[in-house]
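Participant:
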Amino acid sequence: MAEPAVYAAFFILAAVTLGGAIAVVTARNILHSALFLALVFVSVAGLYVLLEAPFLAAVQILIYVGAIIVLILFALMLTRRITGERVRQTNAQALPAALAALALLAVLGGLVATFAWRVSTESPPPNTVPLLGEALMRTYMLPFEVAGVVLLVALVGAIILAKER
Amino acid sequence: MIPLYWYLLLAVALFCIGVYGVLSRRNAVGILMGIELMLNAVNINFLAFSRYITPALLTGQIVAIFVITIAAAEAAVGLAIVIAIYRSRSTVNADEIDLMKW
Chain A
1 MAEPAVYAAF
11 FILAAVTLGG
21 AIAVVTARNI
31 LHSALFLALV
41 FVSVAGLYVL
51 LEAPFLAAVQ
61 ILIYVGAIIV
71 LILFALMLTR
81 RITGERVRQT
91 NAQALPAALA
101 ALALLAVLGG
111 LVATFAWRVS
121 TESPPPNTVP
131 LLGEALMRTY
141 MLPFEVAGVV
151 LLVALVGAII
161 LAKER
Chain B
166 MIPLYWYLLL
176 AVALFCIGVY
186 GVLSRRNAVG
196 ILMGIELMLN
206 AVNINFLAFS
216 RYITPALLTG
226 QIVAIFVITI
236 AAAEAAVGLA
246 IVIAIYRSRS
256 TVNADEIDLM
266 KW
């Protein structure tokens, strides 16, 4: 991709991500929050493409937009009476929370912007998917298996918790 | 090439928005959405470090895959808990679920 196009794509995706995220935390209607969250996930997948991680972009769309958003929407539908415009959505500590988040932003942002990152000049391998598969099946075999067990336990736990008694 | 710290600043901003969401939302599902925003910010960081600092190793991408896995498990269990709480108390507002608070 040409250099200006990459910059333009980054700025558009960053603006959509941050604007969507602010809409997620401030929307009056919690259902709208969930839909803005889907927008944020899609634009983060775009950022993954810019970072040359196409497999992660596909996983992001499949897992976050395809599964987690659907789960969240289900939970919102099942817990009704809470989506109305009249229901207050922020608690009493919204202002201190905003100040704390801004302070964290200032501290972390200052650190990140001033630290001298040692950036490598290498370019990533052209096709990362086979390498990822090999790394998961060799170097990261044990974490991979443990992640499978965690998913199974979470699945069983979620069914038991949500089951009608 | 886009400087590394632009991605890091974007991730920091997304993380802080997530923190605000977690701290200020009353609805438990809204709190979970804030957590998802924070996890996404972390993943942007991992992929940015993977691309800019160790492009040949792909470690950041592997870790991001595990983060997404755990996020999916967390969302499933969290939302099941929300539904269970709603069934027994008819509310999902975190400031009304205060049985264990004193």
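As you go down the protein sequences, you meet chains A and B in turn. Position 51 of the first sequence, counted from 1, bears residue number 51 in our numbering, the numbering being contiguous throughout. If you want our numbering, it's the 1-based position in the second sequence plus 165. Note that CB positions come from ideal geometry on N, CA and C, so glycine has one too.
(1) Taking 9 Å as the threshold (beta carbon to beta carbon), is V207 (chain B) in contact with chain A?
(2) Determine the extent of the alpha helix (DSSP H) in which M166 (chain B) is found, giving its start and end residues.
(3) Do we get a CB-CB distance below 9 Å when we pair R88 (chain A) with the residues of chain B?
(4) Could you tell me which of A:R80, A:T79, A:A67, A:L78 sits nearest to E239 (chain B), measuring between CA atoms?
(5) Going straight from the alpha carbon of M77 (chain A) to that of S215 (chain B), what length do you get?
(6) Is G140 (chain B) near Y217 (chain B), with beta carbons less than 9 Å apart?
(7) By the criterion of Cβ-Cβ separation under 9 Å, what are the contact partners of D263 (chain B) in chain A?
(8) Span of the alpha helix (DSSP H) holding V252 (chain B)?
(9) Cα separation between F231 (chain B) and R138 (chain A)?
(10) Kindly indicate which three-state DSSP category L210 (chain B) falls into: helix, strand or coil?
(11) Taking the DSSP output, what are the residues bridged to R190 (chain B)?
(12) How about R118 (chain A): is its C-beta nearer than 9 Å to some C-beta of chain B?
(13) Give the residues of chain A in contact with I200 (chain B), contact being defined as C-beta atoms less than 7 Å apart.
(14) Could you give the C-beta distance for V242 (chain B) and V257 (chain B), rounded to a whole number, given that I count them as a contact under 8 Å?
(15) Taking 9 Å as the threshold (beta carbon to beta carbon), is G157 (chain A) in contact with chain B?
(16) Is E145 (chain A) close to chain B? Criterion is C-beta to C-beta, closer than 9 Å.
(17) Is S33 (chain A) buried or exposed, if buried means 16 or more other CB atoms sit within 10 Å of its CB?
(18) According to the neighbour-count rule (16 or more other Cβ atoms, all chains shown, within 10 Å of its Cβ), is S253 (chain B) buried or exposed?
(19) Counting contacts by CB-CB distance shorter than 9 Å, is A14 (chain A) in contact with chain B?
(20) Between the stretch 139 to 146 of chain A and the stretch 187 to 207 of chain B, do three or more beta carbon pairs fall short of 8 Å?
(21) Could you give the uninterrupted runs of the alpha helix (DSSP H) lying entirely in the stretch 52 to 127 of chain A, keeping only those of 4 residues or more?
(22) Using a C-beta to C-beta distance shorter than 8 Å, which residues of chain A count as neighbours of V242 (chain B)?
(23) Return the bridge partner residues of N258 (chain B) from the DSSP annotation.
(24) Hey, does A58 (chain A) have any beta-carbon neighbour from chain B nearer than 9 Å?
Facilitator: Here's the rundown:
(1) no
(2) Taken as a continuous stretch (DSSP letters only), M166 (chain B) belongs to no alpha helix (DSSP H), as it is neither H nor E.
(3) yes
(4) A:A67
(5) 38 Å
(6) Nothing can be reported for residue 140 (chain B): it is not among the residues displayed for chain B, which extend from 166 to 267.
(7) Near D263 (chain B) there are no residues of chain A at all, since even the closest Cβ is about 12 Å away, more than 9 Å.
(8) Per the sequence shown, residue 252 (chain B) should be read as Arg rather than Val. Note, R252 (chain B): alpha helix (DSSP H), 224 to 254.
(9) 15 Å
(10) Correcting the residue identity first, residue 210 (chain B) is Asn in this sequence and not Leu. The answer is helix: DSSP assigns N210 (chain B) an H, G or I state.
(11) A:T90
(12) yes
(13) Simply none; closest approach about 11 Å.
(14) Between V257 (chain B) and V242 (chain B) the Cβ distance is about 15 Å, and since that is not below 8 Å, they are no contact.
(15) yes
(16) no
(17) buried
(18) exposed
(19) yes
(20) no
(21) 54 to 59, 69 to 78, 94 to 114
(22) A154, G157, A158, L161
(23) B:N192
(24) no
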